[in-house]
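Residue numbers for the sequence shown follow this note's numbering, so the first one is -7 and each next one is one higher. Where is the CB? At the ideal position from N, CA and C, for every residue including glycine. Read through the structure below, which is laid out as structure tokens, and then see the notes.
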Amino acid sequence: MNLLLHMCCGPCSCYPVKKLRQEGIEPVGYFFNPNIHPYKEWDMRLKTAREFAAKVDMKMYDDDNYRLRDFLRRALAAEAVENGRCRMCYTWRLEETARFAAEQGFDAFTSTLFYSIYQQHELMKETAEHFAKLYGVEFYYEDFRPGWQEGIDISQELELYRQPYCGCIFSEEERYSRAIRKARKKANKAKKRARLEAEQMGINS
Ligand code: SF4
């Protein structure tokens, strides 16, 4: 199978590439990530993805346009609905991967996003299936999450740069802002309390 593998970054590619090769599939990488900011971080992740591809001898394409403004326009518009920003982000990257795969004559596509334990797996799966139909190219689905720790170990053996946040400047803020972390903790506590109260009422009624 001639498979295009969208690479969200170098470290997340380690396990999927190993697993695909074990299955007899030789993937070709594709770096398209307009969601990574600021510029130095995007550049570092692109360089790391190239470094990984060279170290494991995998062919790779990359889109080396930095698209901060375009991403911000889309993200701010999408934030009007709950979860809209991440939905837009998956949609953009998976659509572009499906489109590129079809254009380049690949049989199928997939993404290292399906390795991440932090991303919204089912939503991404539905999105990829939708674009597979739209562009007439197969979506090769595999849940790579069981290899999470193995992927980390490989990335450390290869001495790859490992990023501390998801990608966009919003996720960078969420990672480092004490105020956001505090508010999230409070909201989680309130949710837990509400759930316990509801359970309690269920028992007593
Ligand atoms: S948090 Fe991650 S998935 Fe969501 S919009 Fe930002 S980069 Fe994309």
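- Nearest in C-alpha terms to T102, of all of H(-2), Q111 and N180, is H(-2).
- Each residue's CA atom was taken as its position, placing R154 and E95 some 31 Å apart.
- Contact fails between the stretch 49 to 66 and the stretch 108 to 125, because fewer than three Cβ pairs, one in each stretch, are under 8 Å apart.
- Nearest Cα to L152 within the set M(-7), R91, C6 and L(-5): C6.
- G139 and W34 have their alpha carbons spaced roughly 25 Å apart.
- Inter-residue distance for L60 and H29 is about 7 Å (C-alpha atoms, whole angstroms).
- By the beta-carbon neighbour count (other beta carbons within 10 angstroms, threshold 16), V73 is exposed.
- If one requires a minimum length of 4 residues, the alpha helix (DSSP H) runs lying completely within the stretch 146 to 178 are 161 to 168, in chain order.
- Note: M193 is not bridge-paired with any residue in the DSSP secondary-structure output.
- A distance criterion of 8 Å places the beta-carbon of A67 in contact range of the ligand SF4, judged by its closest non-hydrogen atom.
- Distance from the CA atom of A93 to the CA atom of V129, rounded to whole angstroms, is 7 Å.
- A67 and E149 have their C-alpha atoms roughly 35 Å apart.
- DSSP, read as helix, strand or coil, puts Y31 in helix.
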